[in-house]
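Number of protein chains: 2
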Amino acid sequence: MSNKTIEDIENRIASLLKRSDLSVTESRRKILHLFLEQPGALAHGDIERKAGEKFDRVTVYRTLQAFVDKGIIHTIPTADNSIRYALCKDDCSAGHHHDHHVHFVCSICNNTYCLDDVVTPEIKLPKGYHAEQVEVVVEGVCKNCKGRE
Amino acid sequence: MSNKTIEDIENRIASLLKRSDLSVTESRRKILHLFLEQPGALAHGDIERKAGEKFDRVTVYRTLQAFVDKGIIHTIPTADNSIRYALCKDDCSAGHHHDHHVHFVCSICNNTYCLDDVVTPEIKLPKGYHAEQVEVVVEGVCKNCKGRE
DNA sequence: GTAAAAAGGCAACATAGTTGCAAAATATTC
DNA sequence: GAATATTTTGCAACTATGTTGCCTTTTTAC
Chain L
1139 MSNKTIEDIE NRIASLLKRS DLSVTESRRK ILHLFLEQPG ALAHGDIERK
1189 AGEKFDRVTV YRTLQAFVDK GIIHTIPTAD NSIRYALCKD DCSAGHHHDH
1239 HVHFVCSICN NTYCLDDVVT PEIKLPKGYH AEQVEVVVEG VCKNCKGRE
Chain R
1139 MSNKTIEDIE NRIASLLKRS DLSVTESRRK ILHLFLEQPG ALAHGDIERK
1189 AGEKFDRVTV YRTLQAFVDK GIIHTIPTAD NSIRYALCKD DCSAGHHHDH
1239 HVHFVCSICN NTYCLDDVVT PEIKLPKGYH AEQVEVVVEG VCKNCKGRE
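In the order they appear, the protein sequences are chains L and R.
The first sequence begins at 1139 in my numbering and counts up one residue at a time.
The second sequence begins at 1139 in my numbering and counts up one residue at a time.
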């Protein structure tokens, strides 16, 4: 990876933080970096393991909370009760997530992916129920694990 | 409620446990009772509060785990990272859940319902992904809270 | 560069979940 | 229905996860 590219990423991170009214600190840059350098979602534990040597546990919690509040990342509910986080697309903003894509959890590698191109379907509810948000999580075998089973 | 009805429920509970190769104990009867006497799902915390005075925390954990293993109840993933449990329909069996209905979480009363008549839709995944299970959780306003807002 | 504001680190705490083991309850056998 | 084998329970101790208050450090604004 060239220096140019590294600089680009750093600039992207800084502008993302500034746009969100967050001061640019080392922990926030580091954690955003983790999200940008890989395609899938990260569980809190992953982040703590990867950033936890340098930063306090509390800082990780507060950083993730700030990112969610500002619409930089969103949470993904999963059956195993471990919150996962993934970067939002650009149309999310502070206090207002537009997170209408399907999430995919691989049962082999345990990675979580945002399938940005797969929109959540309309669900016909029984009379009296009113839907505000629909979460779809698909479990199965991902692209990378298929064939390697 | 007549004695007849109470006896009926107790019999139903005992036969459900025996069918699942679980011995009939006080804690299991009590916790099953909690599920049968109300329509929605229960969070672990609810169960511990309602059964926890009589039984140890550990017993509640182990009882719920046993029920999930035997296909008596199933878990519902939610965004707030609190596992909820609900009774399975009769076609679930040990180690094999057939849980293809949509779940509904009310944002007002915070109750969770299994919409047994609403089946999870087919999701068209990108090439290379293979779906094994689809979880749909709808958040909104439930039948009972509608109009009372 | 300095002052104000924001974020981080630490400690202490609260909640959630797990494990091993001895005691108690349940099931089984005769 | 009593004795034995099996299962389940409660307890204690532990790990993991998440939160709060306060003081120090870093960042920002001027």
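Every residue gets a Cβ at the ideal spot worked out from N, C-alpha and C, and that includes glycine.
Reference Ile1210 (chain L); option with closest CA among L:Gly1285, L:Asp1146, L:Ala1152
Counted from its first residue, the first sequence places residue 1210 (chain L) at position 72. The option with the nearest alpha carbon to Ile1210 (chain L) is L:Ala1152.
Since Phe1193 (chain R) meets chain L, which of its residues come closer than 7 Å, beta carbon to beta carbon?
Against the second sequence, residue 1193 (chain R) aligns to sequence position 55. The premise fails here: Phe1193 (chain R) is roughly 22 Å from chain L at the closest Cβ pair, so nothing lies under 7 Å.
Contacts that Leu1263 (chain R) makes with chain L (C-beta to C-beta distance below 9 Å)
Taking the second sequence and counting its residues from 1, one reaches residue 1263 (chain R) at position 125. The contacting residues are Val1240, Phe1242, Leu1253, Val1256, Val1276, Gly1278.
Quick one: using the 10 Å Cβ neighbour count with 16 as the cut-off for buried, is Tyr1223 (chain L) buried or exposed?
Here the question's residue 1223 (chain L) lines up with position 85 in the first sequence. So Tyr1223 (chain L) ends up on the buried side.
Residue from R:Leu1160, R:Gly1183, R:Phe1242 with nearest C-alpha to Ile1221 (chain R):
Working through the second sequence from its first residue, we reach residue 1221 (chain R) at position 83. Of the listed residues, the one whose Cα sits closest to Ile1221 (chain R) is R:Gly1183.
Name, please, each residue of chain L whose Cβ falls closer than 7 Å to the Cβ of Lys1284 (chain R).
Locating residue 1284 (chain R) in the second sequence gives position 146, where the first residue counts as 1. What Lys1284 (chain R) touches in chain L: Gly1266, His1268.
If you draw a straight line from the C-alpha of His1241 (chain R) to the C-alpha of Ile1214 (chain R), how long is it?
Looking up residue 1241 (chain R) in the second sequence gives position 103. Looking up residue 1214 (chain R) in the second sequence gives position 76. Their backbone Cα atoms lie some 7 Å apart in a straight line.
Please report the distance separating the alpha-carbon of Gly1278 (chain R) from that of Ile1144 (chain L).
For the purposes of this step, residue 1278 (chain R) is taken as residue 140 along the second sequence, with counting starting at 1. For the purposes of this step, residue 1144 (chain L) is taken as residue 6 along the first sequence, with counting starting at 1. Cα-Cα distance, rounded: 43 Å.
Beta-bridge partners of Cys1244 (chain R), as assigned by DSSP
Within the second sequence, the letter at position 106 stands for residue 1244 (chain R). DSSP lists R:Gly1278 as partners of Cys1244 (chain R).
Of all the options R:Ile1185, R:Leu1160, R:Val1162, which has the alpha carbon lying nearest to the alpha carbon of Leu1172 (chain R)?
Sequence index remark: in the second sequence, residue 1172 (chain R) carries index 34 (1-based). Ranking R:Ile1185, R:Leu1160, R:Val1162 by Cα distance to Leu1172 (chain R) puts R:Ile1185 first.
On the three-state DSSP scale, how would you describe Thr1258 (chain L)?
By one-based count along the first sequence, residue 1258 (chain L) stands at place 120. Three-state DSSP puts Thr1258 (chain L) in coil, outside helix and strand.
Along the chain, where does the alpha helix (DSSP H) that runs through Ile1171 (chain R) open and close?
In the second sequence, counting from the first residue as 1, residue 1171 (chain R) sits at position 33. For the sequence presented, residue 1171 (chain R) should be read as His rather than Ile. Element bounds for His1171 (chain R): 1164-1174.
Closer than 8 Å at the beta carbon, the chain R residues around Pro1259 (chain L):
Locating residue 1259 (chain L) in the first sequence gives position 121, counting from the first residue. Within 8 Å Cβ-Cβ: Pro1259, Ile1261.
Verify the contact flag: Val1196 (chain R), CB atom, against every heavy atom of the ligand GTP, threshold strictly below 8 Å.
This structure lacks the ligand GTP; in fact it carries no ligand of any kind.
Does any CB atom of chain R fall closer than 9 Å to the CB of Arg1196 (chain L)?
On the first sequence, position 58 is the one that residue 1196 (chain L) refers to. Checking the displayed sequence, the identity of residue 1196 (chain L) turns out to be Val instead of Arg. With 9 Å as the cut-off, Val1196 (chain L) does not count as an interface residue toward chain R.
How big is the Cα-Cα spacing for Asn1219 (chain L) and Asn1249 (chain R)?
Within the first sequence, numbered from 1, the residue matching residue 1219 (chain L) stands at position 81. Within the second sequence, numbered from 1, the residue matching residue 1249 (chain R) stands at position 111. Distance between the alpha carbons of Asn1219 (chain L) and Asn1249 (chain R) is about 18 Å.
Give the DSSP bridge partners of Leu1225 (chain R), in chain order.
Here residue 1225 (chain R) is taken as the residue at index 87 of the second sequence, counted from 1. According to DSSP, Leu1225 (chain R) bridges with R:Ile1211.
How about Val1272 (chain R): is its C-beta nearer than 9 Å to some C-beta of chain L?
The residue given as residue 1272 (chain R) occupies position 134 in the second sequence. Taking Cβ atoms only, chain L reaches closer than 9 Å to Val1272 (chain R), which makes this a yes.
Label Lys1156 (chain R) either buried or exposed according to how many other C-beta atoms from any shown protein chain fall within 10 Å of its C-beta, with 16 as the threshold for buried.
For the purposes of this step, residue 1156 (chain R) is taken as residue 18 along the second sequence, with counting starting at 1. It is exposed - the Cβ of Lys1156 (chain R) has fewer than 16 other Cβ atoms within 10 Å.
Mind checking the segment 1199-1216 of chain R against chain L and listing, in chain order, the residues whose C-beta falls within less than 9 Å of any C-beta there?
Thr1213, Ile1214, Pro1215, Thr1216
Check whether the Cβ atoms of Val1272 (chain L) and Val1276 (chain R) lie closer than 9 Å to each other.
Here residue 1272 (chain L) is taken as the residue at index 134 of the first sequence, counted from 1. Here residue 1276 (chain R) is taken as the residue at index 138 of the second sequence, counted from 1. Yes, they are a contact pair.
Beta-carbon proximity of Leu1264 (chain L) to Val1274 (chain L), cut-off 9 Å:
Residue numbering aside, residue 1264 (chain L) sits at position 126 when the first sequence is read from its first letter. Residue numbering aside, residue 1274 (chain L) sits at position 136 when the first sequence is read from its first letter. Strictly speaking, residue 1264 (chain L) in this sequence is Pro, with Leu absent from that position. Against a cut-off of 9 Å, the Cβ pair of Val1274 (chain L) and Pro1264 (chain L) comes out as no contact.
Considering only C-alpha positions, which residue in the set R:Asp1159, R:Leu1174, R:Ala1269, R:Cys1244 is nearest to Tyr1267 (chain L)?
If you number the first sequence from 1, residue 1267 (chain L) lands on position 129. Checked all of R:Asp1159, R:Leu1174, R:Ala1269, R:Cys1244; the closest Cα to Tyr1267 (chain L) is R:Cys1244.
Would you identify the three-state DSSP class for Leu1253 (chain R), choosing helix, strand or coil?
The residue you call residue 1253 (chain R) lines up with position 115 of the second sequence. Here Leu1253 (chain R) sits in strand by DSSP.
Work out the CA separation of Leu1170 (chain R) and Thr1163 (chain R) for me, nearest whole Å.
Within the second sequence, the letter at position 25 stands for residue 1163 (chain R). Within the second sequence, the letter at position 32 stands for residue 1170 (chain R). Going by the C-alpha atoms only, they are around 11 Å apart.
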